[in-house]
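In terms of the working numbering, the sequence shown opens at residue 93 and continues consecutively.
A quick write-up on the structure given underneath.
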Amino acid sequence: MSQTDEERKAKSKEYESRPEVKAKRKEYESRPEVKAKRKEYHSKPEVKAKQKVYHSRPEVKAKEKVYHSRPEVKAKTKLYSQRPENKAKMKKYYQSPEFKAYQKKYRLRPEVKARDTERRQRPENKEYMKKYHDVWDSKPENKKKRRQYDKDLRLKICSVYSKRHSNSDIPCCRCCGENTDIRFLAVDHIDGRKNLPKGQKNLDGDHLISWLKQNNCPEGYQILCHNCNSAKGHSKNNKCPHEK
Numbered sequence: 093m094s095q096t097d098e099e100r101k102a103k104s105k106e107y108e109s110r111p112e113v114k115a116k117r118k119e120y121e122s123r124p125e126v127k128a129k130r131k132e133y134h135s136k137p138e139v140k141a142k143q144k145v146y147h148s149r150p151e152v153k154a155k156e157k158v159y160h161s162r163p164e165v166k167a168k169t170k171l172y173s174q175r176p177e178n179k180a181k182m183k184k185y186y187q188s189p190e191f192k193a194y195q196k197k198y199r200l201r202p203e204v205k206a207r208d209t210e211r212r213q214r215p216e217n218k219e220y221m222k223k224y225h226d227v228w229d230s231k232p233e234n235k236k237k238r239r240q241y242d243k244d245l246r247l248k249i250c251s252v253y254s255k256r257h258s259n260s261d262i263p264c265c266r267c268c269g270e271n272t273d274i275r276f277l278a279v280d281h282i283d284g285r286k287n288l289p290k291g292q293k294n295l296d297g298d299h300l301i302s303w304l305k306q307n308n309c310p311e312g313y314q315i316l317c318h319n320c321n322s323a324k325g326h327s328k329n330n331k332c333p334h335e336k
């Protein structure tokens, strides 16, 4: 008597679920030559294209969503991601130049930027992020991390503009050359704040530093000490008295 498709599938599933069969398959798939062969196959352009088409099907997306929402799958995924060797592997991958370049290129796509903006503007997401940041910022260890991050970022931005305008390897005032302490320095709008585009006029302090980083240190800014910056701001010709 011939078997039906359902019977064959059930028998195959029962066989594949046996511990000895699982162990044998795991041992086989962990061999270096098998891994290399699989990696080579999946890196082929035609295979990538085929997989992309398959995974973009609505029914496949729905099926994968149901699968990944199962409690046992979530628990298994969490357990896997918490293993030290997997954490180290993912950290190395996320810090690789290839991944960073891909992420940068991906985020610059118009459809991705539009989707991210729309998602951030949702009321529920705004509320969630506000609560998350309030909790994160309230922890002493995170406050310390944030202060150090802001300090390092400010040093980096000041170094970039000092090298660009003063050819200096350390942050310095473009006008008088002050370089004894970065706390004496500030980012200055070369043409004056009033001539800036509307979105940049209200940027100052850490917000300005972050904006400069996100926009790859654009032209129109320089590093001045607080004395030169203040004198330039109060002058009628937008110049420091040192320039006379």
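Quick reminder that beta carbons are idealized off the backbone N, C-alpha and C, glycines included.
Keep in mind the model is a prediction, meaning the values are calculated, not measured.
With respect to the 7 angstroms criterion, Leu277 and Pro263 are classified as neighbours on the basis of their beta carbons. Here DSSP, grouped into helix, strand and coil, assigns Ile315 to strand. One Cα belongs to Asp298, the other to Met182, and the distance between them is close to 30 angstroms. In the DSSP annotation of this structure, the continuous segment of the alpha helix (DSSP H) that includes Asp298 starts and ends at Gly297 to Gln306. About 4 angstroms separates the Cβ atoms of Cys320 and Cys332, confirming a contact at the 8 angstroms cut-off.
According to the DSSP secondary-structure assignment, His281 is paired through a beta bridge with Tyr313. In the structure shown, the three-state DSSP call for Thr169 is helix.
Pairing Ser104 with Lys179, the inter-Cα distance amounts to about 34 angstroms. Judged by their CB atoms, Cys268 and His318 are not nearer to each other than the 7 angstroms cut-off. Classified as exposed, Lys170 has fewer than 16 neighbouring CB atoms from the shown chains inside 10 Å of its CB. For the pair Val227 and Ala167, the Cα-to-Cα distance works out to about 25 angstroms. For Gln314, the closest alpha carbon among the candidates Lys293, Lys286 and Ile249 is that of Ile249.
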